[in-house]
Amino acid sequence: NSSYHALSRNANSLKSKVNSWTATGNTCICCGINKGVDQLNSESTPQKFRSMVVMSDGKANVKCARQNTGNAKQDAIKAACDAYEDYNITVYAVGFGSDTDITTLQSIASCGHGSFYFGNLEDLIEVYQQIADEIINATYSEQTIFGEGIDATLFPSSYISIDYSKNIPYGLLIIAETEEFGASTPIGSFSLPSDATPYEIRVVSYSGSKWTSKVAVYNNITGTWENVFDLSEYNLPFTQLGDPYVINIPLNKVKPGNNLVNVSLGLAPNNFTAGSQYNKVIYSVLKNVSSYSPIVSSADGCIWTIEFEDLTNTTMKIPSDYNGTDTCSYALGKIVYNNNDAIDYAIYNLLLELDLNSNSRVETKFSNSDLTIDSLEVEGIPFVWETEVQARVWR
């Protein structure tokens with residue numbers, strides 16, 4: 133019981149301890165497993181992935197009172213069962229030598245939910261490397277990695293460079309995003325205006341510790357969901373794949389009007405759960421935007437306050453050389469402009485064009501430095517502007 137070494141990363145100290153041991157003929161496998169459990173419980177927390185490796189010829193000949201089966205081999209097997217069932221400690225087993233009791237060691241590994249390996253003195257290093265790889269892979273709890281002593285450095289100068297030319301058709305590119313999908317359903321929706329051309333549509337998936345495994349779009353014609361992304365098509369364990377938290381939706385899968393999107397999460401190809409309530413769709417459309425006013429009596433302009441989808445706002449003079457004090461507003465619950473001013477009327481119609489979901493908030497943010505609004509005035513057009521006064525007398 134006294135011949136053990138506490139958990140340590142000190143290789144020299146560990147080797148020195150092992151070299152001090154001498155063979156006495158007693159093989160108390162259950163003693164070693166029980167001591168390992170005690171050390172792990174006292175020097176680590178249950179939240180971490182914990183495991184041990186039992187290397188032996190499997191010929192247990194010493195019993196343990198803790199297991200109390202009355203048989204040394206059964207005590208060894210039960211000790212591994214207790215380690216996993218009571219403390220969630222995985223037990224691996226390594227057998228070596230020509231007269232190894234393989235059956236006992238296999239039972240130890242099986243009941244400890246680990247793996248059994250057999251080797252000789254020449255390939256023990258390779259066996260332990262395989263166990264180390266298996267333990268590292270096993271430390272994946274969903275996508276949360278619990279690991280110690282495994283260091284990697286990503287230098288600030290590291291990058292991936294991709295150069296390509298992207299053709300953008302003529303028109304104003306308007307970028308919008310939906311509300312979060314919400315807790316009541318994993319399905320989100322977005323609406324495409326009929327007078328605009330879809331340019332790019334992406335689903336942002338907040339997958340947490342899982343993987344974004346499937347994205348489907350509802351087909352109104354067939355009345356079915358069509359997958360536009362399926363991570364299982366890569367035919368690899370999800371732990372070997374990155375999490376595609378941004379998924380592009382092919383433009384030929386959407387239509388003008390309302391579109392529905394369903395996102396699924398998973399840990400493996402056949403393990404699915406509903407997507408996050410925080411998912412959303414970010415989309416962009418190309419739109420030719422222009423605005424006209426009717427024939428009205430003035431064209432002065434005003435100071436506009438414009439609200440955006442993120443609830444911020446900007447204040448702009450339109451035209452930029454406007455020196456008056458009149459104020460106009462395009463915001464939720466506050467639409468104010470002079471419909472007898474040609475510039476104000478045209479700007480209001482222009483903002484309507486930029487407001488894709490017609491909620492009195494503009495999707496694309498801009499400021500004075502981002503946007504130049506020009507107006508063209510045509511003067512001298514005759515139009516009816518009269519005041520009628522009637523006098524009526526009753527006798």
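For the record, in the sequence shown the residue sitting at position 133 is 265 according to the numbering used here, with numbers rising by one throughout.
Virtual Cβ for every residue (Gly too), placed ideally from N, Cα, C.
A quick note: this is a predicted structure, and the numbers were derived from the prediction, not measured.
Which one or two residues does DSSP pair with residue i in a beta bridge?
i    : result
I319 : N394
G251 : F228
N380 : R334
H245 : V223
S416 : I307 and E332
F498 : Paired residue(s): none; F498 is not in a bridge.
A211 : None; A211 has no bridge partner.
S461 : T437 and V468
G389 : L324
A406 : S396
Could you please give the first and the last residue of the uninterrupted beta strand (DSSP E) stretch that includes residue i?
i    : result
D473 : Counting along the chain, D473 falls outside any beta strand (DSSP E), and DSSP gives it neither H nor E.
I307 : L304 to E309
V349 : W343 to N351
S326 : Taken as a continuous stretch (DSSP letters only), S326 belongs to no beta strand (DSSP E), as it is neither H nor E.
N411 : Premise fails: N411 is in no beta strand (DSSP E) and is neither H nor E.
N299 : Per DSSP, N299 belongs to no beta strand (DSSP E) and is neither H nor E.
N445 : N445 to I450
A431 : Here A431 belongs to no beta strand (DSSP E), and DSSP marks it neither H nor E.
F361 : T356 to D362
Are there 16 or more other CB atoms within 10 angstroms of the CB of residue i, so buried, or fewer, so exposed?
i    : result
A315 : exposed
R493 : buried
T235 : exposed
K147 : exposed
V349 : buried
G389 : exposed
I479 : buried
S188 : buried
T156 : exposed
T222 : buried
K180 : exposed
Y462 : buried
Y469 : buried
V393 : buried
D231 : exposed
L443 : exposed
E358 : exposed
S425 : buried
S337 : buried
W436 : buried
Q322 : The amino acid occupying residue 322 in the given sequence is Phe; Gln does not appear at that position. F322 comes out buried.
Q261 : exposed
N391 : buried
R182 : buried
E441 : buried
D265 : exposed
K298 : exposed
L305 : exposed
I165 : buried
D214 : buried
I think residue i touches residue j, with their Cβ atoms under 8 Å apart; what is that distance to the nearest whole Å?
i    : j    : result
L397 : T310 : Contact doesn't hold; Cβ gap of about 19 Å is too wide.
Y477 : V428 : 6 Å
A474 : S430 : 7 Å
E312 : Y410 : 5 Å
A138 : Q171 : 7 Å
V421 : E495 : Rounded, the Cβ-Cβ distance is 12 Å, inconsistent with contact.
L483 : V417 : Not confirmed; about 16 Å, so no contact.
V360 : V378 : At roughly 13 Å, the Cβ-Cβ gap does not stay under 8 Å, so V360 and V378 are not in contact.
K412 : G320 : 7 Å
K167 : Y136 : 6 Å
S419 : D327 : Per the sequence shown, residue 419 should be read as Lys rather than Ser. The pair is a contact, with the Cβ atoms about 7 Å apart (cut-off 8 Å).
A192 : G244 : Incorrect: roughly 15 Å between the Cβ atoms, too far for contact.
Taking Cβ positions only, does residue i come closer than 8 Å to chain C?
i    : result
I221 : The displayed structure is made up of one protein chain only, and chain C is not part of it.
Just to confirm the assignment, what range does the alpha helix (DSSP H) spanning residue i have?
i    : result
S174 : I161 to E175
N402 : Unbroken run through N402: none, as it is neither H nor E.
S183 : Here S183 belongs to no alpha helix (DSSP H); instead the beta strand (DSSP E) covers R182 to S188.
N151 : A143 to N151
Can residue i be considered in contact with the ligand ATP, in the sense that its beta carbon sits closer than 7 Å to one or more heavy atoms?
i    : result
Y469 : This structure lacks the ligand ATP, and indeed carries no ligand of any kind.
Contact between the stretch 399-410 and the stretch 444-464 (3+ Cβ pairs under 8 Å)
No contact exists between the stretch 399-410 and the stretch 444-464.
Does the count of Cβ pairs from the stretch 384-391 and the stretch 365-374 closer than 8 Å reach three?
Contact between the stretch 384-391 and the stretch 365-374 is not established, with fewer than three Cβ pairs separated by less than 8 Å.
Any chance the stretch 159-171 sits against the stretch 191-208, with 3 or more Cβ pairs inside 8 Å?
Enough Cβ pairs lie closer than 8 Å, so yes.
The stretch 243-263 in contact with the stretch 227-234 per 3-pair CB rule at 8 Å:
Segments in contact, yes.
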